[in-house]
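So the sequence lines, in the order shown, correspond to chains B and S.
Okay, so the first sequence: first residue is 0 according to numbering that gives the first Met the number 0, each after it adds one.
Okay, so the second sequence: first residue is 0 according to numbering that gives the first Met the number 0, each after it adds one.
The structure under discussion appears below in the form of structure tokens.
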Amino acid sequence: MTVIVVLFVCAAAFAWESYVRSIGYVPTLNDTEDLWTQVRRQVRPESLVIVGDSRPLFDLDLDELEKGLGKRPVQIAVAGSCAYPILADLVNDDKFHGTVICSIVPGMFFVPGGPLLETSEKALKRYRTQTIAQRASHHLGMFLEEHIAFLKQEDLTLERLLAKLPIPNRPYAHVPPTLPPDFQTVDHERRMRMIEKCAQPGELQTRIQQIWPPLFTPPPPPSYVPKEVFMEQMGKAVEARFRDTVAAVNQLRARGGKIVFVRFPHSGELKALEDRLSPREKTWDPLIKSTGAPGIYYSDFPELSEFHCPEWSHLSAGDSVEFTRRLVPHLRTALGM
Amino acid sequence: MLFNSLTFVVFFAVVVTLYWSIRSWNPRKNLLVTASYIFYGAWNPPFAALLFSTTAMDFWLGARIARARGPHSRKLWLVGSVAMNLSMLGFFKYGNFLLENFQWFMARLGVIYQPPHLDILLPVGISFYTFHSLSYTLDIYRGVLEPTKSLRDFVLAVSFFPQLVAGPIVRAGDFLPQLVRAPSLRAGQFLWGLLLMTLGLFEKIVLADTMLSGAADRIFSYPGPLIALDSWLGVIAFAGQIFFDFAGYSICAIGAALCLGFHLKDNFRFPYAAIGFSDFWRRWHISLSTFLRDYLYIPLGGNQVRPFRAALNLVIVMFLGGLWHGAAWTFVVWGLLHGSYLVIERVLRILFEDKAWANNFGTRCLLAAATYGAVCIAWVFFRASDFTAASRMLSGMFGRHVSGDAILSTREMLQVIIVTACMILVHALLRDTNLETAVTRLPRWTVTGAWALMAGAIILTQGSSNAFIYFQF
């Protein structure tokens, strides 16, 4: 009986692996909290650290940054997150006096609560509480992920496969928006590269483009809080985030650390949406002014504005290298190097 | 170390291989002790020292109880053991809870007292291993167990890794006799153990974490009012989730123990087919309910006292049972609700048990449905983060939020409905038997197919990092 079970499971796993490879999946690491923790542990007092959302994960090439800035950066940005808790954690580390490159997507950085904040907090929690057993499982998992294509926690788990079933929802139900499928490879340093299938026009690219607008649109005010009260609460939360960020920047600088804020390229309807929901003059400009920190807004520089994001939010793997090469001189200037 | 982790797969394969390749019994037991401490220390190594010190103290106290001449000194040594175990549990688990309540009480008296918040890390499984250890001194005191002469054997009885952190609560009296003679490797038993481990992981990873936890988590964490449909679906999702999570762990533990030649008693017996609450507690977390019955309810007088006192005993036991689950008043209310259910059931039994209609099929079905409904209502307090959330949930369930929000997707609703319906059907069909008998009756190809499908589904979910719910207790 056991032999039949083992044979069946092996045959099914082999068939599933062959199928997912045939539709474009390749073995790559999952960007888990454990991988983040592994990289976060590499931060040293004088490190060059990247924090933020998914854009620096895709758009910054670590080799080019090392070549241009003289240090290998540590990539601790978290996809689909608000960067503030990570930044605050770094700044609260009394030993840290290195350099921070912080990506700003205003709709994510200034978010007052919810899943974006929880994503960062979960990563931090794992960093603080990771057990020996979790660490061992992570290393075993990485070995498997490097060889098996169907091990995609964001895309090919039973839960995600069920979520893809085309079952219509009740029209009045507040159902969370769909998350994008995997469209990247990840290495041990958490360098993400967009897969070619997404970089080229096609079904995957179009599907992801359609996913961003609802994901970037803030949910309507909850039915159980009066709209005016809710808007007032949101306003206060955003003000508090501004104040906290200024305090964090000052704290870092007081210890001799440096920070530069970067607005990465985005395109198409997503750019229009972001510009409408969080206009530069209400988010980026006050942030740079109030913190006094240097900022690089990609569209201020023609050589950085030439890039197009295939799925509207991130650069292709090839463009990310060239973009980083062009960004380095601006980073050097901003950081006084 | 979680059962649903790659580390455990490797750990278990190594332990089982070494265990069965060693011929003499004592080295095998040494291996199990070492493996159990590695299993536990992989969470937080210093807590392994705490586990050992509690065990060693109870070993010594057990010997003192057995050697004590008079009943007074026997009782004194027992009080020492109970006080040591409960104070440790009290400090780690209830320290902050007690301080917060003391602060509240002082404030009612007009005294402003600001206690320091104790930064206490709860040792995983402390509620379980404390009870494993405590059962030893209690049974020696009751005269039903001879103290073991081997500290190593007792250490193994308390720390045996399959049941160490989330039960079943295995009494020393059930485990120590199994350490006398070496078990022999039997293929059928080993395979049954592996099948149970697969079933347990399937219940945990596929049914609890993948199919039900999403809906339960979203409903219980939603800060606004919900319509009745979503509220009920959230609650029944949690009812299924906690069953599959905890029963899954227990089945895994029983299976892992069986692969090593040890027999642990069933911890669940199709509880959602229970007819009445005493029946429910004979089927749900059996090792805890029998522990509380034997060491608390019966010493309080059980039902051999006046009816009012017997009812009070039930409420006391369930109050403490609730508190055992967590340091929060919501758990106490959950326990008290079950205590009240048991008292009401007892009254109804006195009034109607001998009526013919009370035992016909239709009435039994209705009573089973009522039991399930009442158990679900009690789960609200178990799962809700506080009384505000619990009250909001109950209001939704009973239709007080007609214009509330609907937040579940159709897929989530279907998952909850299908899994719950299948679960209740299976519980109803198997309520008068046990899993082993039921599986034995099935054709071989059905068992093979089901086993392969469960294993395939586990691989498809790619494991899960979700901890078992009962770890926090």
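Virtual Cβ for every residue (Gly too), placed ideally from N, Cα, C.
The structure displayed is predicted, hence computed values, not measured ones.
Would you kindly work out how many angstroms separate the C-alpha atoms of P270 of chain S and L341 of chain S, rounded to a whole number? Counted from its first residue, the second sequence places residue 270 of chain S at position 271. Counted from its first residue, the second sequence places residue 341 of chain S at position 342. Cα to Cα, P270 of chain S sits roughly 15 Å from L341 of chain S.
Is it true that the CB of V50 of chain B sits closer than 7 Å to the CB of A82 of chain B? Here residue 82 of chain B is taken as the residue at index 83 of the first sequence, counted from 1. Here residue 50 of chain B is taken as the residue at index 51 of the first sequence, counted from 1. Taking 7 Å as the Cβ cut-off, A82 of chain B and V50 of chain B qualify as a contacting pair.
Spatially closest choice to G317 of chain B from B:K196, B:L330 and B:A14, by CA coordinates: Counting from 1 along the first sequence, the entry for residue 317 of chain B is found at position 318. For the residues B:K196, B:L330 and B:A14, the minimum Cα distance to G317 of chain B belongs to B:K196.
At what residues does the alpha helix (DSSP H) containing R363 of chain S begin and finish? The residue labelled residue 363 of chain S in the question sits at position 364 within the second sequence. It spans F360 to R382 - the alpha helix (DSSP H) in which R363 of chain S sits, taken as one unbroken run.
Let me check understanding here. Comparing Cα to Cα, which of S:I64, S:L335 and S:R281 lies closest to D529 of chain S? In the structure as shown, chain S begins at 0 and stops at 472. Residue 529 of chain S is therefore absent and cannot be evaluated.
Identify whether T98 of chain B lies in helix, strand or coil by the three-state DSSP scheme. As a working note, residue 98 of chain B is residue 99 in the first sequence. Reduced to three states, the DSSP call for T98 of chain B is strand.
Write down the C-beta distance between G97 of chain B and L160 of chain B rounded to the nearest angstrom, noting that I regard them as a contact closer than 8 Å. The residue labelled residue 97 of chain B in the question sits at position 98 within the first sequence. The residue labelled residue 160 of chain B in the question sits at position 161 within the first sequence. Their Cβ separation, rounded to whole angstroms, is 42 Å, which puts G97 of chain B and L160 of chain B out of contact at 8 Å.
Hey, which unbroken runs of the alpha helix (DSSP H) at 4 residues or more fall wholly within the region 39-73 of chain B? 53-58 and 61-68
Let me confirm a value: E202 of chain S is counted as buried when at least 16 other C-beta atoms fall within 10 Å, else exposed. Which label applies? As a first step, residue 202 of chain S must be located in the second sequence, where it is residue number 203. It counts as buried.
Within the continuous alpha helix (DSSP H) that includes G239 of chain S, where are the two ends? Your numbering for residue 239 of chain S matches position 240 in the second sequence. Run containing G239 of chain S: A227 to C258, per the alpha helix (DSSP H) assignment.
Reduced DSSP secondary structure (H/G/I, E/B, other) of K281 of chain B: Numbered from its first residue, the first sequence carries residue 281 of chain B at position 282. Looking at K281 of chain B - three-state DSSP - the assignment turns out to be helix.
Suppose you measure from the CA of L459 of chain S to the CA of P165 of chain B; what does that come to, to the nearest Å? Counting from 1 along the second sequence, the entry for residue 459 of chain S is found at position 460. Counting from 1 along the first sequence, the entry for residue 165 of chain B is found at position 166. Distance between the alpha carbons of L459 of chain S and P165 of chain B: 20 Å.
Starting from I125 of chain S, trace the alpha helix (DSSP H) both ways and give me its first and last residue. Sequence index remark: in the second sequence, residue 125 of chain S carries index 126 (1-based). Element bounds for I125 of chain S: I125 to R141.
Contact under 7 Å by Cβ, L200 of chain S with S136 of chain B: In the second sequence, the residue the question calls residue 200 of chain S occupies position 201. In the first sequence, the residue the question calls residue 136 of chain B occupies position 137. No, the Cβ-Cβ distance between L200 of chain S and S136 of chain B is not below 7 Å.
Q133 of chain B - DSSP class collapsed to helix/strand/coil: Taking the first sequence and counting its residues from 1, the one referred to as residue 133 of chain B is at position 134. Helix at Q133 of chain B.
Confirm, please, whether the CB-CB distance from M191 of chain B to S337 of chain B is below 7 Å. Because chain B here runs from 0 to 336, residue 337 of chain B falls outside it and cannot be looked at.
Measure how close the beta-carbons of V261 of chain B and I103 of chain B come, nearest whole angstrom, since I'm counting them as under 8 Å. Taking the first sequence and counting its residues from 1, the one referred to as residue 261 of chain B is at position 262. Taking the first sequence and counting its residues from 1, the one referred to as residue 103 of chain B is at position 104. So it is a contact: roughly 7 Å between Cβ atoms.
Anticipated Cβ contact below 8 Å, D186 of chain B with L89 of chain B, distance rounded: Position 187 of the first sequence, counted from the start, is the residue given in the question as residue 186 of chain B. Position 90 of the first sequence, counted from the start, is the residue given in the question as residue 89 of chain B. No, D186 of chain B and L89 of chain B are not in contact; Cβ-Cβ is about 22 Å, not under 8 Å.
Residues in its own chain within less than 6 Å of L203 of chain B by CB, not counting five upstream and five downstream? As a first step, residue 203 of chain B is located in the first sequence; it is residue number 204 there, counting from the start. Here the set comprises K196 and C197.
Listed from N- to C-terminal order along the chain, which residues in the region 218-240 of chain S have their beta-carbon within a distance smaller than 7 Å of any beta-carbon of chain B? G223 and P224
Taking K270 of chain B as part of the alpha helix (DSSP H), name the residues at either end of that continuous run. Here residue 270 of chain B is taken as the residue at index 271 of the first sequence, counted from 1. First-last of the alpha helix (DSSP H) with K270 of chain B: G267 to L276.
Own chain residues within Cβ distance below 6 Å of Y126 of chain B, not counting five before or after: Counting from 1 along the first sequence, the entry for residue 126 of chain B is found at position 127. Result list for Y126 of chain B: T36 and R39, in chain order.
Compare the Cα-Cα distances from M210 of chain S to each of B:I258, B:L157 and B:M0 and report the closest residue. Locating residue 210 of chain S in the second sequence gives position 211, where the first residue counts as 1. Comparing Cα-Cα distances from M210 of chain S to each of B:I258, B:L157 and B:M0, the minimum goes to B:L157.
By the 7 Å beta-carbon criterion, what residues does the region 163-186 of chain B contribute toward chain S? L164, I166, P167, N168, R169, Y171, A172, H173 and V174
How big is the Cα-Cα spacing for E65 of chain B and A333 of chain B? Locating residue 65 of chain B in the first sequence gives position 66, counting from the first residue. Locating residue 333 of chain B in the first sequence gives position 334, counting from the first residue. Each residue's alpha carbon lies about 16 Å from the other.
Under 7 Å, Cβ to Cβ, is there at least one residue of chain B near A389 of chain S? The sequence position of residue 389 of chain S within the second sequence is 390, counting from 1. Cβ-Cβ to chain B under 7 Å: no for A389 of chain S.
Rank B:L286, B:I295, B:T205 and B:I207 by C-alpha distance to the C-alpha of R242 of chain B and give the top, closest one. For the purposes of this step, residue 242 of chain B is taken as the residue at position 243 of the first sequence. Residue B:L286 is the option with its Cα nearest to R242 of chain B.
Is the region 384-401 of chain S touching the region 180-198 of chain S in the sense that three or more CB pairs, one from each, lie closer than 8 Å? no
Short of 6 Å in beta carbon distance, which residues of its chain neighbour A437 of chain S, apart from the five on each side in sequence? Order them along the chain. By one-based count along the second sequence, residue 437 of chain S stands at place 438. So the list reads L429, once near-sequence residues are dropped.
So that I know if they touch, is there some Cβ in chain S lying closer than 7 Å to that of I131 of chain B? Here residue 131 of chain B is taken as the residue at index 132 of the first sequence, counted from 1. It does: the Cβ of I131 of chain B has a partner Cβ on chain S nearer than 7 Å.
Per-residue DSSP class, three states only, for C262 of chain B: One-based indexing of the first sequence puts residue 262 of chain B at position 263. In the sequence under discussion, the amino acid at residue 262 of chain B is Arg, which differs from the Cys named in the question. The answer is strand: DSSP assigns R262 of chain B an E or B state.
Buried or exposed for K28 of chain S, going by 16 or more other Cβ atoms inside 10 Å? The residue you call residue 28 of chain S lines up with position 29 of the second sequence. Burial call: buried.
Just the Cα atoms here: how many angstroms apart are L121 of chain S and A326 of chain S? For the purposes of this step, residue 121 of chain S is taken as the residue at position 122 of the second sequence. For the purposes of this step, residue 326 of chain S is taken as the residue at position 327 of the second sequence. Approximately 11 Å between the Cα atoms of the pair.
My assumption, with CB atoms under 8 Å, is that L195 of chain S sits in contact with L407 of chain S. Please give the rounded CB distance. For this step, residue 195 of chain S is matched to residue 196 along the second sequence. For this step, residue 407 of chain S is matched to residue 408 along the second sequence. At roughly 32 Å, the Cβ-Cβ gap does not stay under 8 Å, so L195 of chain S and L407 of chain S are not in contact.
What are the start and end residues of the alpha helix (DSSP H) that includes T216 of chain B? On the first sequence, position 217 is the one that residue 216 of chain B refers to. Counting along the chain, T216 of chain B falls outside any alpha helix (DSSP H), and DSSP gives it neither H nor E.
Cβ atoms of F7 of chain S and M0 of chain S: under 7 Å apart, would you say? In the second sequence, the residue the question calls residue 0 of chain S occupies position 1. In the second sequence, the residue the question calls residue 7 of chain S occupies position 8. Yes, the Cβ-Cβ distance between M0 of chain S and F7 of chain S is below 7 Å.
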